[in-house]
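Everything on this sheet refers to the single structure shown next.
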Amino acid sequence: YLEIDEARRLINASDPDFRELVQAALQTGCRFGEIIRLVVSDFKRDGGGTLHVQWSKSGKERYVVLTDEGAAFFAGLCKGRPGTDVLFAGWNKTAVSRTMKKTLKRAKITPPITFHGLRHTYASLSIMAAVPLIVVAQNLGHADTRMCERHYGHLAKSFVADAIRAGAPKFGAVQPSNVREIANARR
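Heads up: the sequence shown is residues 7 to 193, going by this note's numbering.
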C-alpha cells in the first residue's frame, strides 16, 4: 500500500484523466471493474455522500460511504452531467496498467504497486486511522472481516507500536529491584 505522501505524489504525477481514476480508487477502495461501471446517478449526495456499486465481484450491490473529501470529489465529477453518463469512460485494464507504471515512475514511487494496490491503500490507511474492521469490510463489499484481516491488515510497524503504547493496559510499573523485594516478601 502507499503512505499518504506517496498517494499524493501519485495523484499529482497523474495526467488529468488518470488522476480522476486514481482519486476514485483512493477515495472509495473500489475495484477497477467497479469504478469503470459507475454512472453519474450512482453518486448519492444525501446522507453525506455514497456511491451505489451496482456490479461488484461478488454479484451483490452495495453502497460505499464517502468521506467529505470523497463526496466533494464525486460531486465535482458529476456536476452538470446526465445521470446515465459513465464517469470513467475509455479505460481498460491494459491502459490502466501501462499508465500506472509510467505514473509511478514519474512520482518516484518504489517498489511499484498495481492499480489494485490503491484498494489496499484505502483499506490499510482506513484501518490505521482506527476505522473498525467491519466498517472497512462493508465499504469494500466483504461479508465479514476475514478478508480485511488477511489482505489489508498489514499495518505499518510504527502504527502497531504506537497503538500498543497508547492503548495497551498500564499497571503502574514497579522498578525491577522492587519486584524482587515484593516477590521475596510473598514467599
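The beta carbon of each residue, even a glycine, is placed where N, CA and C say it ideally should be.
This one's a predicted model, so the numbers in the text were calculated from it and none came from an experiment.
Could you confirm whether any beta carbon from chain D is found closer than 8 angstroms to the beta carbon of residue i?
i: glycine 55; result: The structure shown contains no chain D, having only a single protein chain.
Can you give me the start and stop residues for the alpha helix (DSSP H) that residue i sits inside?
i: tyrosine 128; result: 123 to 134
i: threonine 4; result: The structure shown does not extend to residue 4, since the chain is modelled only from 7 through 193, so no value can be given for it.
i: isoleucine 140; result: 139 to 146
Tell me, to the nearest whole angstrom, how far the beta carbon of residue i is from that of residue j; I am working on the premise that it is less than 8 angstroms.
i: glycine 55; j: leucine 27; result: In fact, because the Cβ distance is near 19 angstroms, the residues do not count as touching under 8 angstroms.
i: proline 117; j: lysine 107; result: Actually they do not touch by this definition, with Cβ atoms about 12 angstroms apart.
i: tyrosine 128; j: glycine 35; result: 3 angstroms
My output table needs one value for residue i: the three-state DSSP class, helix, strand or coil.
i: phenylalanine 177; result: coil
i: phenylalanine 49; result: strand
i: arginine 171; result: helix
i: arginine 68; result: strand
i: valine 102; result: helix
i: valine 92; result: strand
i: aspartate 21; result: coil
i: glutamate 9; result: coil
i: cysteine 36; result: coil
i: leucine 27; result: helix
i: alanine 113; result: coil
i: glycine 108; result: According to the sequence shown, residue 108 is lysine rather than glycine. In this structure, lysine 108 counts as helix in the three-state DSSP scheme.
i: glycine 82; result: helix
i: leucine 44; result: coil
i: arginine 14; result: helix
Between residue i and residue j, is the Cβ-Cβ spacing less than 8 angstroms?
i: isoleucine 115; j: glutamate 12; result: yes
i: phenylalanine 24; j: threonine 105; result: yes
i: valine 141; j: proline 88; result: no
The stretch 92 to 110 in contact with the stretch 31 to 46 per 3-pair CB rule at 8 angstroms
yes
With a cut-off of 8 angstroms, do at least 3 Cβ pairs link the stretch 18 to 32 to the stretch 115 to 126?
yes
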